[in-house]
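Visitor: Below is a structure I'd like to ask you about.
Number of protein chains: 2
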Amino acid sequence: MTSRTKAGRSTIHDIAADLGVSVSTVSRALTPGGTVSPETRRRVEEAAGRLDYRANRAARSLSTGRMHSIGLIVPDLRDPFFAEVAKGAQMRARSVDHTVYIADTDRSAELEFEAIDMMRRDVDGFLVCAPLGDDEALREHLRGTAAVMIHRELAGLPSVTSDLASGIAQAVQHLRALGHHRIAHVAGPDSSWGARRRRAAFEREVADGDRVLLGPIADPFEGGVATADALLASGATAVIAYNDLVALGLVTRLRARGVSVPDGMSVVGFDGLDVATLATSLTSVAVPRQVAARSAVDLLLRALDEVGEPASVVLPTQLIVRDSTAPLRR
Amino acid sequence: MTSRTKAGRSTIHDIAADLGVSVSTVSRALTPGGTVSPETRRRVEEAAGRLDYRANRAARSLSTGRMHSIGLIVPDLRDPFFAEVAKGAQMRARSVDHTVYIADTDRSAELEFEAIDMMRRDVDGFLVCAPLGDDEALREHLRGTAAVMIHRELAGLPSVTSDLASGIAQAVQHLRALGHHRIAHVAGPDSSWGARRRRAAFEREVADGDRVLLGPIADPFEGGVATADALLASGATAVIAYNDLVALGLVTRLRARGVSVPDGMSVVGFDGLDVATLATSLTSVAVPRQVAARSAVDLLLRALDEVGEPASVVLPTQLIVRDSTAPLRR
DNA sequence: CTGTTAGCGCCTTCAG
DNA sequence: CTGAAGGCGCTAACAG
């Protein structure tokens, strides 16, 4: 009978003592690549379970240099989009015995850098989601640690993005098929890679004469509210918003002005948030979140193990037609 | 010139060598209560800054037993309510040099227990937010580690809750003042302490003859959608929903049925989520989230330092009147 | 006030 | 295949 009885408080020493073997044998038995006899491993595993052993991460980290944890940098956890990224990353990481430190930067590039500097010693690498900082500074702060970008490209670093151009194209085609010609886009902040990407794609898809460019806005919802009047004044009959929150802001103000959606204005969002979290049946371009987060975790872990080249993946986007778009009334 | 040049990679040894003092002196100089001469402390701090020193958490944890991190258990990060709790806890913790591990349990009591068992060795204590597990099991899994409950009471443990009874009372008074008599409540899951609390308060406030009790529902938004028809059939002219997401579900279905809100039905939510995240101007009872999270972090840290008795705090709730409630039409 | 000395729990050579 | 020994970076007695 060992002296330690509290749950999860036994060490390899307890196991070693219990079994009459050395601690290094226990350590090896518990290590994936460890070289021990099958019989010994079996006994160690049995004892570990019986004694409710759980490795002390701090000790392991100190000795291996690997922290078994990753830092996730997100602009704003309150945005359902990022909440889902966080959730996805967290679950995937846990399944491979890693934990995720989440840093919410309140949409401040400065805080992004600060968070990275702060956490760099405590994590094996970073997942940097849709950061606002500029390329140079970001690269500088990330120098020396592994990192995977999510929904942003940064030359030299692996990334998980989605096919925004295709998403915009799908949205434009959908609106054209409904008879709309004069189409507006409410652009997101210029500091956002995704916003620049969407705008560029929009400019490619919609010819000068038909194109109405609004924004850029800063705060999503309030920006949408604030842009609705300009949208009405522009003569556009349909709009593609930077994201769903912006679309929600637009819809809110449009309705307040007595303009029906979709009859008076077709609105396409971007992100494809859940109807449940939106409480509005918004036509929207779905952008993968949980899948992106999972892929990013995998890429990061692969990079840490130096397995293969630092690849980047581009996930597909898909238009979801719901109730905020309708044929043009003439 | 030291050999370590990479950012954040120097140790107290580097500082000690640089200054020609011992490592323990450096350690003491860097410890709040450390006993060193002001001059030495100054020099150490200068060198630490110059060498970009950052303490290795793993090493410190191993030696002190304190991990400088806390586990946060939340039912669902996608729910804006919990996302804000997470954000608040994270920011407060960071300000006192702690980090937060977030565990999302997908509204499963089983996963709550699992997460606690999983993380217990890696954190100093837990913040358990609105857990669904029953008292006994929860207490059992939490035995031996510090914990603060958020939005749930558990005898023997400190907690941060809000005055739900007052919130319900405020909502009922508001509706009565608008002329409503027959008032419904859509109750949340029985496994939720907050849901039971709200329902009990509602039963206290509204007399048998006027009272309509609906639910309990499981999934917030879908539950609201699914309950709207029963609500209409009940003859109630106003409803207090378990939370804002439920209210949103109700509103969605009511409108689909052609019932105007607030003219055909007054709807009061609960939580007081941002208009921006709701995109609906819902009258609602505001429940503190960030403040609650911050208080909880403070309580936990105090408990860990064994400063004072394990107190509990009850924060006020406040009705926010927006556009989903209106005078009864007769 | 400062230096010396032990570990914290684990992993990892190196012998055996 | 297994045991002994050293060290990861830091803190905490204990002397001086």
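Chains as they are written, first to last, in the working numbering: chain L, 12 to 341; chain V, 12 to 341.
Virtual Cβ for every residue (Gly too), placed ideally from N, Cα, C.
1) Could you check where the alpha helix (DSSP H) with G234/V kicks off and where it finishes?
2) Determine the burial state of G7/V: buried for a count of at least 16 other Cβ atoms within 10 Å of its Cβ, exposed for fewer.
3) I believe V257/V touches P231/V by the beta-carbon criterion, under 8 Å. Please report the beta-carbon distance rounded to the nearest angstrom.
4) Considering V139/L, what are the terminal residues of the beta strand (DSSP E) in which it resides?
5) Using C-beta distances below 6 Å, list every residue in its chain close to S170/V, excluding the 5 sequence neighbours before and after it, in chain order.
6) Between the alpha carbons of S52/V and D90/V, how many angstroms are there, rounded?
7) I need the straight-line Cα distance from P142/L to L311/L, nearest angstrom please.
8) Below 8 Å on C-beta distance, what does R103/V contact in chain L?
9) Within 10 angstroms of its Cβ, does D334/V collect 16 or more other Cβ (buried), or is it exposed?
10) Answer with yes or no whether the minimum CB distance from P142/V to chain L is below 8 Å.
11) Among G226/V, A157/V, L153/V, S245/V, which residue has its Cα nearest to the Cα of I194/V?
12) CA-CA distance, P299/V and F213/V?
13) Considering Cα atoms alone, identify which of A126/V, T328/V, G235/V, T36/V is closest to A59/V.
14) With a cut-off of 8 Å, do at least 3 Cβ pairs link the stretch 121-131 of chain V to the stretch 130-137 of chain L?
15) Give the C-beta separation of A218/L and R210/L to the nearest angstrom, bearing in mind that I take them to be a contact with Cβ-Cβ under 8 Å.
16) I want to know whether the stretch 25-44 of chain L touches the stretch 71-86 of chain L - three or more CB-CB distances under 8 Å.
17) Compute the distance between the beta-carbons of D25/V and L62/V, then report whether it is under 8 Å.
18) Hey, quick one: how far does the beta strand (DSSP E) through S74/V stretch, first residue to last?
19) Looking at the strands, I want to know which residues DSSP matches up with L315/V.
20) Is R163/V close to chain L? Criterion is C-beta to C-beta, closer than 8 Å.
21) Name the DSSP bridge partner or partners of S170/V?
22) Which residues does DSSP pair with V325/V in a beta bridge?
23) Rounding to the nearest angstrom, what Cα-Cα distance links A188/V and S203/V in this structure?
24) Which residues in the same chain as D174/V place their Cβ atom closer than 6 Å to its Cβ, once the five residues preceding and following it in sequence are excluded?
25) Around the C-beta of A7/L, are 16 or more other C-beta atoms found within 10 angstroms, so that it is buried, or is it exposed?
26) Quick check on S14/L: buried or exposed, where buried means 16 or more other Cβ atoms within 10 Å of its Cβ?
27) Only counting the same chain, and skipping five residues up and downstream in sequence, which positions put a Cβ closer than 7 Å to that of R68/L?
28) Leaving out five residues before and five after D146/V in sequence, what residues of the same chain have Cβ atoms less than 7 Å from its Cβ?
29) Buried or exposed: T46/L, going by 16 or more other Cβ atoms within 10 Å of its Cβ?
30) Closer than 9 Å, Cβ to Cβ, to anything on chain L: give me those residues from the stretch 42-54 of chain V, in chain order.
31) Tell me whether G199/L sits in a helix, a strand or coil according to DSSP, three-state version.
32) Can you check DSSP and say which residues form a bridge with F281/V?
33) For L259/V, would you say it is in contact with chain L, using Cβ-to-Cβ distances shorter than 8 Å as the test?
34) Going by the beta-carbon positions, is the gap between V250/V and M276/V smaller than 8 Å?
35) Suppose the cutoff is 7 Å on Cβ atoms and the five residues either side in sequence are ignored; what does the same chain contact list for T16/L look like?
36) If you run the structure through DSSP and keep just helix, strand and coil, what is V250/V?
Guide: The short version:
1) 231-245
2) Nothing in the structure corresponds to residue 7/V, since chain V is present only between 12 and 341.
3) 5 Å
4) 136-140
5) M160, E164, S323
6) Residue 52/V is actually Arg in this sequence, not Ser. Computed Cα separation, rounded: 47 Å.
7) 17 Å
8) Within chain L, no residue comes near R103/V; the closest Cβ sits about 12 Å away, beyond 8 Å.
9) exposed
10) no
11) S245/V
12) 20 Å
13) T36/V
14) no
15) In fact, because the Cβ distance is near 15 Å, the residues do not count as touching under 8 Å.
16) no
17) yes
18) S74/V -> not in any beta strand (DSSP E); alpha helix (DSSP H) instead, spanning 68-75.
19) Answer is none; L315/V lacks a bridge partner.
20) no
21) M160/V
22) T172/V
23) 30 Å
24) V325, P327, T328
25) Missing from the structure shown is residue 7/L; chain L here goes from 12 to 341 and no further.
26) For S14/L, the pLDDT reaches just 33, beneath the cut-off of 50, and the residue's location in the model is therefore unreliable, leaving the point undetermined.
27) H79
28) L165
29) exposed
30) none
31) coil
32) V296/V
33) yes
34) yes
35) For T16/L, the predicted model reports a pLDDT of 33, less than 50, meaning its position is unreliable; a value from the coordinates is still stated below. Around T16/L: no qualifying Cβ.
36) strand
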